[in-house]
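Numbering-wise (my numbering), the sequence shown opens with residue 13 and increments by one. For each residue, glycine too, the CB sits at the ideal point set by N, CA and C. Because the structure is a prediction, the values reported are computed rather than measured.
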Amino acid sequence: MEHPDPETPSATAEPRNAFLEEKAFKSRTVLLFGAITDQSASDIARRLVALDADSAAPIDMLVSSPGGHLESGDAIHDIIRFIAAPVNMIGTGWVGSAATHLYLAVPRERRFCTPNTRFLIHQPSGGAGGPASDIAIHAQEIIKARERVARTISRETGRPLDKVLEDIERDRWLSAEEAIEYGLVGRIVKHKSELKQ
13 MEHPDPETPS ATAEPRNAFL EEKAFKSRTV LLFGAITDQS ASDIARRLVA
63 LDADSAAPID MLVSSPGGHL ESGDAIHDII RFIAAPVNMI GTGWVGSAAT
113 HLYLAVPRER RFCTPNTRFL IHQPSGGAGG PASDIAIHAQ EIIKARERVA
163 RTISRETGRP LDKVLEDIER DRWLSAEEAI EYGLVGRIVK HKSELKQ
C-alpha cells in the first residue's frame, strides 16, 4: 500500500490555503504566529512588500510569537519601516523576545494588543561553541545585540536606556495593561473596528 508523501499537501488542503491567502491579502492582513525564522521573515517581508505595492492603505499585522532568530526579526522590523504603507501592529497571545523587537517597528499609536496578550522583554542569548576565540567573538556580538535591543526599547517606549538595560537583564513579563504603562503598547483593543478610533 502506498503512503502519501508528507511533503505534498492534500488535494483538499491546497484550495483552502489559496482561499485563505487570497482573503488575507484582500483584507490587508499579515500573520506572524510561531517562532521567527529566516523562512518566516522571508514570507512576511514578501507579503508586506506586495501589500505595499498594491495600495498605500494600512496593513494589519497580527503577532503571536515567542520570538526566535533576532536578525530575522530585524529584517521584518526594517521592512515595516522601509515600506510606505502604514502598519498596525496587533499583539495577541504572547509577544516575546525578537517578536517584541519587531513589534516596536511602528509608532506607539499604531501598536495595539488584545486583552489577554502577554509581553516578554529580555536580553539576547546565544549558545556558541567551538574554539575559545570564536566563543569570544560570539560573546561580543551578543553584547552588541543587547545594546541594540535596549536602544530600540528605550527609543520606542521613552524609558531611559540604563533602566531598560536593567529591565532586560532577566526575563521581564508584562500583561497588556503593564505593557501600556511601560510604553510598549498604545492601546488594548477587543475588536477590529477599534483600530480606526
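- Judged by DSSP in its simplified three-state form, residue 174 adopts helix.
- By the Cβ criterion, the region 48-62 is not in contact with the region 185-198, since fewer than three pairs of Cβ atoms, one from each stretch, lie closer than 8 Å.
- Taking C-beta atoms under 8 Å as the contact rule, residue 77 and residue 43 fail to qualify, at a distance of about 10 Å.
- Of the residues 200, 103 and 111, the one whose Cα lies closest to the Cα of residue 79 is 111.
- Assignment of beta-bridge partners to residue 182 by DSSP yields no partner.
- Cβ contact annotation for residue 97 (same chain, cutoff 6 Å, sequence separation greater than five): 64, 68 and 71, in chain order.
- The beta carbon of residue 87 sits closer than 7 Å to the beta carbons of 53 and 57 from its chain, once the five residues preceding and following it are set aside; these are given in chain order.
- The continuous alpha helix (DSSP H) containing residue 61 extends over residues 50-66.
- Taking C-beta separations shorter than 7 Å and ignoring five residues to either side along the sequence, the partners of residue 136 in its chain run 82, 154, 157, 158 and 161, following chain order.
- Taking C-alpha positions only, residue 116 is separated from residue 168 by approximately 7 Å.
- Of the candidates 93, 89, 46 and 128, 128 places its Cα closest to the Cα of residue 188.
- The Cβ atoms of residue 174 and residue 134 do not sit closer than 8 Å to each other.
- DSSP places residue 126 in no alpha helix (DSSP H); its state is neither H nor E.
- The Cβ-Cβ distance between residue 99 and residue 75 does not fall below 8 Å.
- Across the set 205, 101, 84 and 94, the C-alpha of 101 shows the shortest separation from the C-alpha of residue 119.
- In the three-state reduction of the DSSP assignment, residue 166 falls in the helix class.
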